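Heads up: the structure comes next, in C-alpha cells.
Numbering (our numbering), first residue to last: 257 to 429.
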C-alpha cells in the first residue's frame, strides 16, 4: 500500500514479527528489480515463513504496529443503536477479527463538534470509543495511513456493515 521493495531488502512479516529478506519479485513476464505501491507481484523470501491472507509485509524501519485494543472514531450506519459489549466483526486490509466496543467515550455533535456524553450511538452519529479484538491486528493510526487505519464493523448475525471507523491509536494493557 506504500513504499517500494527491492531484492535484498530486509522485511518483517506481521503480526508474527518474523524477519527475512526479499529474494525475488515476480510478475507473469518474469522478475522485477523493484516493486512500488499498487503493483501486483509475488514475493519470494529468503526464509521459510508462513505468510497468509491478512499478514502484512513491511520494511524494518517503517513497520506498522500491532494491537488488540484501540481508540477509534466510528460513524454508525445501522438502524439499531450501537450498544457497548455487543460482538461484531472488524474488517481491515484483508484482516478480520471478532470485536466488541468496550467503552463509548462520547459522541461528536455534527453541528458544532462538541463532545457529548453518550451511552449509545444512533444512525449517522459519530462517536469516539475503545474497541477490543480477539487477536492482535496490524495497524497504523488513520492519520498516518488509510489502508491500515480504517475499517468496517459487521454485524455477526446479519452480515451487514453497521459502521465505518478510523483508528486513532492502539491501547496498551
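Glycine residues also receive a C-beta, built at the ideal position from the N, C-alpha and C atoms.
Note that the coordinates shown come from a computational prediction; the quantities given were computed from them, not determined experimentally.
Under a three-way DSSP split, which group does residue i fall into?
i: residue 386; result: strand
i: residue 392; result: strand
i: residue 404; result: coil
Just reading off the beta strand (DSSP E) that residue i is part of, what are its end residues?
i: residue 355; result: 351-364
i: residue 421; result: 417-426
i: residue 281; result: 274-283
i: residue 329; result: 321-332
i: residue 347; result: 343-348
i: residue 307; result: Looking at the DSSP string, residue 307 is not in any beta strand (DSSP E), and its letter there is neither H nor E.
With 16 other CB atoms within 10 Å as the buried threshold, where does residue i fall?
i: residue 328; result: buried
i: residue 308; result: exposed
i: residue 413; result: exposed
i: residue 276; result: buried
i: residue 399; result: exposed
i: residue 418; result: buried
Considering only residues of the same chain and omitting the five flanking positions on each side of residue i, which have a CB-CB separation below 6 angstroms?
i: residue 382; result: 331 and 364
From residue i to residue j, what distance separates their C-alpha atoms?
i: residue 367; j: residue 338; result: 21 angstroms
i: residue 416; j: residue 348; result: 15 angstroms
i: residue 335; j: residue 313; result: 38 angstroms
i: residue 254; j: residue 352; result: Residue 254 falls outside the range modelled here, since the chain spans only 257 to 429, and no answer is possible.
i: residue 396; j: residue 260; result: 18 angstroms
i: residue 324; j: residue 372; result: 26 angstroms
Between residue i and chain C, is there a C-beta pair that is closer than 9 angstroms?
i: residue 340; result: Of the protein chains in this structure there is only one, and it is not chain C.
Spatial neighbours of residue i within its chain, please: C-beta separation below 7 angstroms, excluding the five flanking residues on both sides.
i: residue 287; result: 280 and 281
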